[in-house]
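For the record, the sequence lines run as chains A, B and C. When we follow the numbering used here, the leftmost residue of the first sequence carries the number 4, and every step to the right adds one. When we follow the numbering used here, the leftmost residue of the second sequence carries the number 4, and every step to the right adds one. When we follow the numbering used here, the leftmost residue of the third sequence carries the number 4, and every step to the right adds one. Okay, so here's the structure we're looking at.
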Amino acid sequence: MVRDELDLAEYEARMDRPVRIKIPELQRDDRLKHVIFSDQFTADTLEEMANIADMIRVLAKSRDGYRFLLDLLPHKRAMLYFTQPSTRTFLSFMAACQILGITCNEVRDPSTSSETKGESRFDSIRTFSSYFDVIIMRSVHSRLAECCAYLMNDLEDFNHRSVPIVNGGAGADEHPSQALLDIYTLQRTFQFESTIDSRRRLGFDALCSDTRYTGLTRGLSGKVYGFCGDIGRGRTVRSLANLLSLYPNVTMVFLAPHHPKLSLKPELRRKLVDRGVKVHEVESLEDQIDGVPAIEMLDSLYMTRIQREHDDPADAQAFAQIDFSRYCLTPQLVSRMKEYAAILHPFPRDKNFGEIPPEIDNDHRAMYFRQARNGMWIRAALLAYLFGVDRQISRYFQTEYTETHDYNEDVL
Amino acid sequence: MVRDELDLAEYEARMDRPVRIKIPELQRDDRLKHVIFSDQFTADTLEEMANIADMIRVLAKSRDGYRFLLDLLPHKRAMLYFTQPSTRTFLSFMAACQILGITCNEVRDPSTSSETKGESRFDSIRTFSSYFDVIIMRSVHSRLAECCAYLMNDLEDFNHRSVPIVNGGAGADEHPSQALLDIYTLQRTFQFESTIDSRRRLGFDALCSDTRYTGLTRGLSGKVYGFCGDIGRGRTVRSLANLLSLYPNVTMVFLAPHHPKLSLKPELRRKLVDRGVKVHEVESLEDQIDGVPAIEMLDSLYMTRIQREHDDPADAQAFAQIDFSRYCLTPQLVSRMKEYAAILHPFPRDKNFGEIPPEIDNDHRAMYFRQARNGMWIRAALLAYLFGVDRQISRYFQTEYTETHDYNEDVL
Amino acid sequence: MVRDELDLAEYEARMDRPVRIKIPELQRDDRLKHVIFSDQFTADTLEEMANIADMIRVLAKSRDGYRFLLDLLPHKRAMLYFTQPSTRTFLSFMAACQILGITCNEVRDPSTSSETKGESRFDSIRTFSSYFDVIIMRSVHSRLAECCAYLMNDLEDFNHRSVPIVNGGAGADEHPSQALLDIYTLQRTFQFESTIDSRRRLGFDALCSDTRYTGLTRGLSGKVYGFCGDIGRGRTVRSLANLLSLYPNVTMVFLAPHHPKLSLKPELRRKLVDRGVKVHEVESLEDQIDGVPAIEMLDSLYMTRIQREHDDPADAQAFAQIDFSRYCLTPQLVSRMKEYAAILHPFPRDKNFGEIPPEIDNDHRAMYFRQARNGMWIRAALLAYLFGVDRQISRYFQTEYTETHDYNEDVL
């Protein structure tokens, strides 16, 4: 692959500002205009997105509903500019577009492009904005999507054509649509509605009457969220923890080796604590917290792979001392988890490291493949929202679907 | 290209069973569920597929018919997972999907995927099954498609989402959709209906009244099928011969060098003979069989290229002794063939080897480009069948098309 | 990339004929059948294409109009066979297809194809013509598209399936769709209708009443066209100059270094002069012509990048003497241009050479991004024309759009 150089100097001053200053520039009239940071989502937005996604997946199950969806945005064309390898995010954005009738185009290899003739990246992006109606991008350059959003804003100021920029995962930094789908999977799980999404053998009432689960409530508040593995380098952990901290009365348990590269970063810890999150850090799934083994107290467990490709040779010796097997699940550990707990993983999982061995895949707590499919629905919701057809979806849904539909039984 | 490693150990026991034991697992209620082996096709299925394909191509000729087709499966998304290079199969599956309104997505290079991060192939496949509704795959791993079908069956057993797997040509082994299109081309030819597909200058009745062709019948039974060139290593020859042996009173002539790598394999010979096929083996198109030169007795001639890329250095000396020019057609040879005989080739042909020189392309017996286009229609038929819209096509066809339509005159 | 060899010998005699002899073969009943040379366009065709493009872009702005367009050609499938790197042309053809409902397929890397198995290029092309309804191609082989058009004509003669070939830019030679979009951009500019396309601050009447612009007329006739930079090697310059010479009373100013590789080729000069064009050659934007600095007399300025990738080592010393900075625009130079003048560039521009620094992008004379978007509309027009739905578009447009629509105010 061609070396993917980039000069972002022009945007440096704007990039250096705190995120909260930037957020208003990425909105239009209180709605998201570009999707760059997971910090752009509020609890209200998250609720809204989940609702749209829920409606879309129900509509997609009937012939008429599907046709309604396909007919929403056939006049829109998306550019998926993915110069960093990705399968899952790429394909689920493709599928999400297709569900709404959006036509997809892709550029994956900058070496086939005019950049070999000295074209600047921003000329390429502006060209895309000439032909397409939204640009979804993933790049090794962690700030490229942000800069492109500024470029679009500048074009708008000069009355030029401008389109929404969606960050499809930038470098080691931000991956807002992953955060959305992680949250959405937890929202579905803790709705305790679908027998699929929570795979519970028992209904919510039965669970509540179980003495072990006294006080169980619906929703994301008041739950205990575990994160296991490569906490320090995992952008998905950071984003998800951030968003979960928007909910009241949340406990988080971080299970990671005691090493500055791998364990919870002090800044994130501070931010979470400031927002009222109860934070625990332990070094193994069996370590006790207030006398209870971590594995038994979790309402959800977010597993991650150890990102060896980001290892620094300077850490080799320290890493060699770590017993990484403590960050791998086993069927025995899973069997000790709460009946209704959800196991998530941003995927890909590492078959060599084995943080989740395949034997666990058929356990009813394993939600990670479900999570991948949720990604498609929530991305469709995000695109519907960006193109402003979310209200149209609501109206159609309310007209066509009455309570007599048992639409929670969505097997597929 | 990245080395495409794969561990199929988990499925070994199931792969080792005889095909006839496997076939029921690839069906659902007497219909094909996955398409892995050409042995899955019965004479009835082949008839059914040809009928669907015939209807689709007629429908595609009128504006209303085309719209009917496009509106059949717009809510379905196909994944074409083609990690082994292919143009023809790939593009004709794409076109086939598009004819039915199915949206296509592709993954061609595993190096752009998460497998570089240690993901197992089966996690990738299961991810595809989360976003798409059918997976059409070609891989260097000859058994990957088979294993994926088992994976899908296992998912189904656990009430997980599962989608049909279609083998788009696996290694040196199986290529069922090629077998389908080869058979379909012969079915069209020996219908003696379309002036295009049999390119006959004379109608069926005129042919029958020709003393040379006394006793000529419509259909695949009772014909003499020639196969020329790389018989031993040609998977398409094996599959086609296999399927033709389902028809009564068939003669087959294999024209190949006398070398264990290149000539008819004893197992295949035995199987054909067991099924009642009369089998002849000769070393040149002019060799005589019962006093008649082979070239003159054939009803069809299936040409193949010599697959030099599979040559084993150990055979170099023996191969150097072979006069390969005897496996090349010439205009002079073609002129000696029966008036209505069809020349087929699975393509690509080798311009350097010259098994079919371009001078022959305009002979009315040359059916190989027609065969390529047939591939698109029969693949559309296969997909229509897999998604269960074949009956819908029949119903529409019967309502809209009466015998007054001269729909056999399909020029295109 | 695999070396892209090609044997065009078979077509040599036909290629060697003068273009005017070839043109009738590329037509059918006075309409374009294949699009290979920019010389195929007459002033009438150019007018027609611009009209179709104008209608399409207006229709695309309303929901109903867009649906009408999408419903024109959903039964057509295009093959974009782009073995030479390209982003802009490729993507804008994709978008153009999509606007009309045409499904797109692409082959970009010949190494993934059967040509690695000895297949001839023409077998590949004929295969494409089996599955698709138009082939749009860009190749390093400057004459491949031309030969493919002959192949298709030959197939037609034999009553085989044949499809239109569109040259998407062949080698250093011809790029007819680029010429179309360049002309279209100038047509829009000198209509003086849209506030966008001419970005004028003043209306046409106000401009005319300005003493500096006395005698200003609408349309391409009677204007002064500048071309700056790599004149000798720029195929886009050659094509555009050629087409502009179809209009009466035109002046052209070529601004290029005095070097046989870079300056106006004598053949082109002669051709232009023969057609009545007033031709000036100068070496800098400030050089005077009849006492007026070139920059101040231009109605449009077509900038180009210096194609260093085509440099011949033999010219290194001569090139080292040239002050290339004289072929770069500056904001100061732009401010001296006519108020209504248009700056064009075929793009990509070279950020290292800096022929148009980004500071100029927001000047109202900068039309180069607009030009890129025009490329999408005019290519859609070309495809609509090739598939014969242009009259259908006119009829719909005339029925639906009355003069009360202020459809020139197309912001997007």
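All C-beta atoms in this analysis are idealised placements derived from N, C-alpha and C, irrespective of residue type, glycine included. What you are looking at is a predicted structure, and each value in this text was computed from that prediction instead of being measured.
Could you check whether S133 of chain C and R376 of chain B sit closer than 7 Å to each other, using their CB atoms as the reference points? Along the second sequence, read from residue 1 onward, the residue named residue 376 of chain B stands at position 373. Along the third sequence, read from residue 1 onward, the residue named residue 133 of chain C stands at position 130. Yes, the pair counts as a contact, with Cβ atoms nearer than the cut-off.
Take A81 of chain A as the anchor and find which of A:R382, A:V337 and A:K354 has the nearest alpha-carbon. Residue 81 of chain A sits at position 78 when you count from the first residue of the first sequence. Of A:R382, A:V337 and A:K354, the smallest CA-CA separation from A81 of chain A is found for A:R382.
Can you tell which of B:T333, B:C331, B:V256 and B:S180 has its C-alpha closest to the C-alpha of M140 of chain B? Looking up residue 140 of chain B in the second sequence gives position 137. M140 of chain B has its Cα closest to that of B:S180, out of B:T333, B:C331, B:V256 and B:S180.
Relative to the C-alpha of T239 of chain C, which residue among C:D42, C:R60 and C:D277 is closest? As a first step, residue 239 of chain C must be located in the third sequence, where it is residue number 236. The shortest CA-to-CA distance from T239 of chain C to any of C:D42, C:R60 and C:D277 is the one to C:D42.
By the 7 Å beta-carbon criterion, what residues does the segment 55-84 of chain C contribute toward chain B? Result list: P77, H78 and R80.
Opening and closing residue of the beta strand (DSSP E) in which N108 of chain A lies: Translated into positions along the first sequence, residue 108 of chain A becomes position 105. From DSSP, the beta strand (DSSP E) with N108 of chain A extends over T106 to V110.
Thinking I168 of chain B and A148 of chain B are a contact (beta carbons under 8 Å), I'd like their distance in whole angstroms, please. On the second sequence, position 165 is the one that residue 168 of chain B refers to. On the second sequence, position 145 is the one that residue 148 of chain B refers to. Confirmed, about 6 Å.
At a CB-CB cut-off below 9 Å, which residues of chain A make contact with S95 of chain C? The sequence position of residue 95 of chain C within the third sequence is 92, counting from 1. Those within 9 Å of S95 of chain C in chain A are T130, S133 and Y134.
Beta strand (DSSP E) runs contained entirely in the segment 236-279 of chain C, provided each spans 3 or more residues: As far as the segment 236-279 of chain C is concerned, its whole beta strand (DSSP E) runs of at least 3 residues are 254-258.
Determine whether the Cβ of M306 of chain A lies closer than 7 Å to any Cβ atom of chain B. The sequence position of residue 306 of chain A within the first sequence is 303, counting from 1. No, M306 of chain A lies away from the interface with chain B (no Cβ there is under 7 Å from its Cβ).
Contact defined as beta carbons within less than 8 Å: I believe S248 of chain A pairs with R278 of chain A. What is the distance between those atoms, to the nearest angstrom? For this step, residue 248 of chain A is matched to residue 245 along the first sequence. For this step, residue 278 of chain A is matched to residue 275 along the first sequence. Yes, S248 of chain A and R278 of chain A are in contact; Cβ-Cβ is about 4 Å, under 8 Å.
Check whether the segment 211-220 of chain C and the segment 382-392 of chain C touch, using three or more Cβ-Cβ pairs below 8 Å as the test. The answer is no - the segment 382-392 of chain C does not touch the segment 211-220 of chain C, with fewer than three Cβ pairs under 8 Å.
In whole angstroms, what separates the C-alpha of L246 of chain C from that of R398 of chain C? On the third sequence, position 243 is the one that residue 246 of chain C refers to. On the third sequence, position 395 is the one that residue 398 of chain C refers to. Cα to Cα, the separation comes out at about 28 Å.
N-terminal and C-terminal residue of the beta strand (DSSP E) that R80 of chain C is part of: Working through the third sequence from its first residue, we reach residue 80 of chain C at position 77. Note, R80 of chain C: beta strand (DSSP E), R80 to F85.
Short Cβ contact (7 Å threshold) for V256 of chain C with D302 of chain C: Indexing the third sequence from 1 puts residue 256 of chain C at position 253. Indexing the third sequence from 1 puts residue 302 of chain C at position 299. No; because the gap between Cβ atoms is not below 7 Å, this pair is not in contact.
Compare the C-beta of S165 of chain B with all C-beta atoms of chain A and state if any pair is closer than 7 Å. For this step, residue 165 of chain B is matched to residue 162 along the second sequence. Not closer than 7 Å to any Cβ of chain A, the Cβ of S165 of chain B fails to qualify, so no.
Flag E149 of chain A as yes when its Cβ comes closer than 6 Å to any non-hydrogen atom of the ligand COA, and as no otherwise. This structure does not include the ligand COA; it has no bound ligands of any sort.
Buried or exposed: M18 of chain B, going by 16 or more other Cβ atoms within 10 Å of its Cβ? Mapped onto the second sequence, residue 18 of chain B falls at position 15. Only exposed fits M18 of chain B, as fewer than 16 other CB atoms lie within 10 angstroms of its CB.
Note down the Cα distance separating S127 of chain C from C151 of chain C, rounded to an integer number of angstroms. Taking the first residue of the third sequence as position 1, residue 127 of chain C is located at position 124. Taking the first residue of the third sequence as position 1, residue 151 of chain C is located at position 148. In this model, S127 of chain C and C151 of chain C are separated by some 11 Å (Cα to Cα).
Using a Cβ-Cβ cutoff of 9 Å, what residues of the segment 313-334 of chain C are near chain A? List them in chain order. Those would be none; no residue qualifies.
Along the alpha helix (DSSP H) that carries K64 of chain A, what are the first and last residues, could you check? As a working mapping, residue 64 of chain A is identified with position 61 in the first sequence. K64 of chain A -> no alpha helix (DSSP H), and no H or E assigned at all.
Once the 5 residues before and after N252 of chain B are set aside, which same chain residues still bring their CB inside 6 Å of it? Here residue 252 of chain B corresponds to residue number 249 of the second sequence, with the count starting at 1. Same-chain partners within the cutoff: S224 and G225.
At a cut of 8 Å, does the segment 342-351 of chain A reach the segment 21-28 of chain A through at least three beta carbon pairs? Result no; under three Cβ-Cβ pairs closer than 8 Å.
Rounded to the nearest angstrom, what separates R34 of chain A and D176 of chain A at their Cα positions? As a first step, residue 34 of chain A must be located in the first sequence, where it is residue number 31. As a first step, residue 176 of chain A must be located in the first sequence, where it is residue number 173. A straight line joining the alpha-carbon of R34 of chain A with that of D176 of chain A spans about 23 Å.
Cβ of R6 of chain A less than 7 Å from any chain B Cβ? Here residue 6 of chain A is taken as the residue at index 3 of the first sequence, counted from 1. Below a pLDDT of 50, predicted positions are generally treated as unreliable, and R6 of chain A, at 46, falls in that range; no measurement from the model is reported.
Chain C within 7 Å of M18 of chain B, Cβ atoms only: The count along the second sequence starts at 1 and reaches residue 18 of chain B at position 15. For M18 of chain B, the answer is no, since every Cβ of chain C falls outside 7 Å of its Cβ.
Ends of the alpha helix (DSSP H) at K25 of chain C? Here residue 25 of chain C refers to the residue found at position 22 of the third sequence. Annotation: the continuous alpha helix (DSSP H) that includes K25 of chain C extends over V22 to K25.
Report the three-state DSSP secondary structure of F230 of chain B (helix, strand or coil). The residue labelled residue 230 of chain B in the question sits at position 227 within the second sequence. The three-state secondary structure of F230 of chain B, taken from DSSP, is strand.
Where does P3 of chain A sit, in a helix, a strand or coil, going by DSSP? This structure cannot speak to residue 3 of chain A, because chain A is shown only from 4 to 415.
Between which residues of its own chain and R272 of chain C is the CB-CB distance below 7 Å, once the five residues before and five after are set aside? Numbered from 1 along the third sequence, position 269 holds the residue referred to as residue 272 of chain C. Residues V282 of the same chain have their beta carbon placed closer than 7 Å to that of R272 of chain C, with the five preceding and five following residues left out of the count.
Looking at I309 of chain C: is its Cβ nearer than 7 Å to the Cβ of F356 of chain C? In the third sequence, counting from the first residue as 1, residue 309 of chain C sits at position 306. In the third sequence, counting from the first residue as 1, residue 356 of chain C sits at position 353. The answer is yes: Cβ separation under 7 Å.
Just curious, the beta strand (DSSP E) that E284 of chain A is in, first and last residue? What you label residue 284 of chain A is simply residue 281 of the first sequence in a count that begins at 1. Going by DSSP, E284 of chain A is part of the beta strand (DSSP E) stretching over K281 to V285.
In its own chain, which residues sit with a C-beta less than 7 Å from the C-beta of F71 of chain C, not counting the 5 before and 5 after it? On the third sequence, residue 71 of chain C is found 68 positions in, with the first residue counted as 1. Residues of the same chain with a CB within less than 7 Å of the CB of F71 of chain C, apart from the 5 flanking positions on each side, are L62 and Y399 in chain order.
Taking the CB atoms as reference points, tell me whether L265 of chain A and D314 of chain A lie closer together than 7 Å. Residue 265 of chain A sits at position 262 when you count from the first residue of the first sequence. Residue 314 of chain A sits at position 311 when you count from the first residue of the first sequence. Cβ distance not < 7 Å, so L265 of chain A and D314 of chain A don't count as in contact.
State the Cα-Cα distance for the pair D32 of chain B and D160 of chain B, rounded to the nearest angstrom. For the purposes of this step, residue 32 of chain B is taken as residue 29 along the second sequence, with counting starting at 1. For the purposes of this step, residue 160 of chain B is taken as residue 157 along the second sequence, with counting starting at 1. If you take the alpha carbons of D32 of chain B and D160 of chain B, they lie about 16 Å apart.
Closer than 7 Å to chain A by CB, N108 of chain B: Position 105 of the second sequence, counting from 1, holds the residue named residue 108 of chain B. Answer yes: the Cβ-Cβ gap between N108 of chain B and chain A drops below 7 Å somewhere.
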